[in-house]
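The structure under discussion appears below in the form of structure tokens.
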Amino acid sequence: MSFFRVVKAELHKYYVQQFVSYRTAFWFLVLPFGNGLLYYSMYLPFTSTVVQFSWLGHNALVDIVGFTLLGQLLYTFFVGVTLAGSAFDTERVQGTFEAMLLTPASRVAILLGGLVVATAQYLWLIVGIIPVFLFYFHLGIAVADPLALLLSLFLTYTALTALGLCLEAFFIQTRKGILLGTTLQEPVALASGVIVPPSAYPTQIALLTYLIPLTLGLISVRLTLLAGGMLSEVLVPLATLAETIAKANGSLALF
Amino acid sequence: MRTFLRATIGSARISTIIYWRFFNWTGFALRFLSPLLSLSVAWILYNVVYHQSTSTSFKGAANSSDYFSFVVVGSAFFVYVVSTLFTLGRVMYWDRAQGVLETIFLTPSSVLGYISGRMLSAFSMATVDLLVLFGIGYALGFHVTSFNAPVFFASIGLMVASLFGLGLIVNSITLIFRDRVNTANTLTTLILVFSGVVAPLRLMPDWAQRVGAVIPFTYAINLLRASLLSTESGSVNYGDLWYLVGLTSVFLLAGHALLIATVKTVRKQALYSHI
Chain F
224 MSFFRVVKAE LHKYYVQQFV SYRTAFWFLV LPFGNGLLYY SMYLPFTSTV VQFSWLGHNA
284 LVDIVGFTLL GQLLYTFFVG VTLAGSAFDT ERVQGTFEAM LLTPASRVAI LLGGLVVATA
344 QYLWLIVGII PVFLFYFHLG IAVADPLALL LSLFLTYTAL TALGLCLEAF FIQTRKGILL
404 GTTLQEPVAL ASGVIVPPSA YPTQIALLTY LIPLTLGLIS VRLTLLAGGM LSEVLVPLAT
464 LAETIAKANG SLALF
Chain V
369 MRTFLRATIG SARISTIIYW RFFNWTGFAL RFLSPLLSLS VAWILYNVVY HQSTSTSFKG
429 AANSSDYFSF VVVGSAFFVY VVSTLFTLGR VMYWDRAQGV LETIFLTPSS VLGYISGRML
489 SAFSMATVDL LVLFGIGYAL GFHVTSFNAP VFFASIGLMV ASLFGLGLIV NSITLIFRDR
549 VNTANTLTTL ILVFSGVVAP LRLMPDWAQR VGAVIPFTYA INLLRASLLS TESGSVNYGD
609 LWYLVGLTSV FLLAGHALLI ATVKTVRKQA LYSHI
């Protein structure tokens, strides 16, 4: 069975079942929009409208609108891949999991199909939220190095997808995939710098947060898109993200 | 009246017994993830990122410069909203799923009493959550700077009544549309964002203020904060009290009307089956 036919079939199945549903609209439009506004409003009581964050000696001042928006954009993708990671739980509950594993379809193709779905659902967010923040809240963009920005976006999304593949492979070992996927959300949101910059934490804790690919992705995308960061400034997080992707692919071979 | 009270007490008792029978610590702890996230973010922003430098517009709107205490009060009382939407708002939905809704409707007991009992039980459990959150808040630096008892108790009473009305409305929606989580999730998000739980509504865009103006919880939380956190005398806005009374009446009337209509529809169209 062709690898890509399996991916396509998974995509088609999820498209028919979930793409145009209120559940998808909630997770990929209503909730990120609400959270974006909520966390943006948490900055309003203070005297400054910029956030300072640091990375390996580089300091950047970023407007709270862009800071919040990028946080929500990447965090929603992370939530999407963790929810996709718990998809096998749903198959098990429906009683279709055994049949799925009995087919000659590639397991990695099935996993990848779920991740492609998570990416497709992300379109709700892109279409619904970016224009609002861009035009209504006047998002300030400062790109000095387009290549650095492209690399940051590519490596961040790829690293998060690789993380999603690992989570899918991990969640299958337990019957608590949905619970784990949901439980991960708030701690990761706090630790990774979605809402507050990790540089606000004590150094030892901040170093631990760099183990989360989302933290590195947020640093590199925020620096290159909002603070005019150059490739040399984000080389370390980008190299770490690339390493994460390689490790994730290596670990999948054991699955 | 006696039947109503007996139905209320019986319903509350059964609901509480079932809650404790299936109580688990994991579920209990998970309930605090979202409010703990708000408290943590508020604490970090207030103490670490901005070193307690709140703006004059915040001080004017909140009658206090203590942003962390502001968020503690909002997040702590928000547990009643969550309880309303996820417990009270799905009472009949889950009873139908368990196959007991038809039996309940066959008894001569008051339906309003039965759902009031569930509300009593749900809000009692939410009070435990409230106390835990206040405890965590105290450990992190929450300060009560005043206590205006009449305003505090009037706000609590009106908040509970308005949320009961909202719960009745949501209960009808979830039952008729067979909706397990979408209504509860959406309304929880809307109320969290637009009722000033983490920032004064006055600091938000005009359109957001207009949305917040029709949510009774907005006024309840304003009054609760004024009764607990004010540093100036005369900081209670009695206009909020009248708006809260008005909106509570509207929500209670709408909720009661919808409850009657829903019971009639369920009986006439035999919608007792979960399938």
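Quick note, the sequences are listed as chains F and V, same order. Residue numbering for the first sequence follows our numbering, beginning at 224 and increasing consecutively. Residue numbering for the second sequence follows our numbering, beginning at 369 and increasing consecutively. Even for Gly, the Cβ is constructed at its ideal location relative to N, Cα and C.
Cα-Cα separation between V304 of chain F and L334 of chain F, rounded to whole angstroms:
In this structure, the straight-line span from the alpha carbon of V304 of chain F to that of L334 of chain F is close to 11 Å.
9 Å Cβ cutoff met for L592 of chain V and M527 of chain V
yes
Tell me, which residues are paired with F269 of chain F by DSSP?
V:T422
Start and end of the beta strand (DSSP E) containing L284 of chain F?
Element bounds for L284 of chain F: 281-286.
Residues that G257 of chain F contacts on chain V, provided the C-beta gap is smaller than 8 Å:
T557, L558, L560, V561
Starting from I412 of chain V, find everything on chain F with Cβ-Cβ shorter than 7 Å and list it in chain order.
By Cβ distance, chain F contributes V419, A423.
Can you check whether the C-beta of T422 of chain V is within less than 9 Å of a C-beta belonging to chain F?
yes
Counting contacts by CB-CB distance shorter than 9 Å, is R246 of chain F in contact with chain V?
Closer than 9 Å: yes.
Which bits of chain F does Y587 of chain V rub up against, with CB to CB less than 9 Å?
Result: empty, since nearest Cβ-Cβ is about 18 Å, beyond 9 Å.
Which partner residues of V496 of chain V appear in the DSSP bridge assignment?
None, per the DSSP bridge assignment.
Check whether the region 247-258 of chain F touches the region 363-380 of chain F, counting contact only when three or more Cβ pairs, one atom from each stretch, lie closer than 8 Å.
Judged by Cβ distances under 8 Å, the region 247-258 of chain F makes no contact with the region 363-380 of chain F, as fewer than three pairs qualify.
Tell me, please, whether the CB atom of T406 of chain F is closer than 9 Å to any CB atom in chain V?
yes
For a test of the three-state rule: what should DSSP assign to V604 of chain V, helix, strand or coil?
coil
Please compile the residues from chain F whose C-beta is within a distance smaller than 8 Å of the C-beta of F426 of chain V.
L267, P268, F269
Taking Cβ to Cβ, would you say S437 of chain V is nearer than 9 Å to N516 of chain V?
no
Determine the closest residue to G378 of chain V out of V:I412, V:S484, V:F396, V:T422, with distance taken between C-alpha atoms.
Cα-wise, what sits closest to G378 of chain V is V:S484.
Kindly indicate which three-state DSSP category V274 of chain F falls into: helix, strand or coil?
strand
Could you check whether T438 of chain F and G452 of chain F sit closer than 9 Å to each other, using their CB atoms as the reference points?
No. Outside cutoff.
Any Cβ of chain F within less than 9 Å of the Cβ of S540 of chain V?
no
Please tell me whether F242 of chain F has its Cβ less than 9 Å away from any Cβ of chain V.
no
Comparing the C-beta of Y262 of chain F with each C-beta of chain V, is any distance below 9 Å?
At a cut-off of 9 Å between C-beta atoms, Y262 of chain F counts as an interface residue with respect to chain V.
Closer than 8 Å, Cβ to Cβ, to anything on chain F: give me those residues from the region 473-506 of chain V, in chain order.
none
Would you please verify whether the beta carbon of V441 of chain V is less than 9 Å from any beta carbon of chain F?
no
Mapping the DSSP letters down to three states, classify L434 of chain F as helix, strand or coil.
coil
In chain order, what residues of the same chain lie with their CB nearer than 8 Å to the CB of F521 of chain V, ignoring the 5 residues before and after it?
none
Please go through the same chain and pick out, in chain order, the residues whose beta-carbon is closer than 7 Å to the beta-carbon of L477 of chain F, but skip the five residues on each side of it.
Only weak support is given to the placement of L477 of chain F: the predicted model assigns it a pLDDT of 46, under 50, and the question is left unresolved by the model.
According to DSSP, is Q396 of chain F part of a helix, a strand, or is it coil?
Note: Q396 of chain F maps to coil in three-state DSSP.
Rounded C-beta distance between R445 of chain F and F290 of chain F? I'm assuming under 8 Å.
7 Å
For L596 of chain V, the three-state DSSP class (helix, strand or coil)
helix
Chain V beta carbons: is any one of them nearer than 9 Å to that of L334 of chain F?
no
From what residue to what residue does the alpha helix (DSSP H) around V409 of chain V run?
401-411
What do you reckon, are the CB atoms on L413 of chain V and F269 of chain F nearer than 9 Å?
The criterion of a C-beta distance shorter than 9 Å is satisfied by L413 of chain V and F269 of chain F.
Residues in the same chain with beta-carbon distance under 7 Å from E456 of chain F, minus the five sequence neighbours each way, listed in chain order, please.
Annotation for E456 of chain F: H281, L446 place their beta carbon closer than 7 Å to its own, counting only its chain and skipping 5 residues before and after.
If you measure from the beta carbon of S595 of chain V to each beta carbon in chain F, is any gap under 9 Å?
no
Whole-angstrom Cβ separation of F585 of chain V and V449 of chain V, contact assumed at under 8 Å?
Sure, about 6 Å apart at Cβ, within 8 Å.
If you check the beta carbons only, do T452 of chain V and L531 of chain V fall under 9 Å apart?
yes
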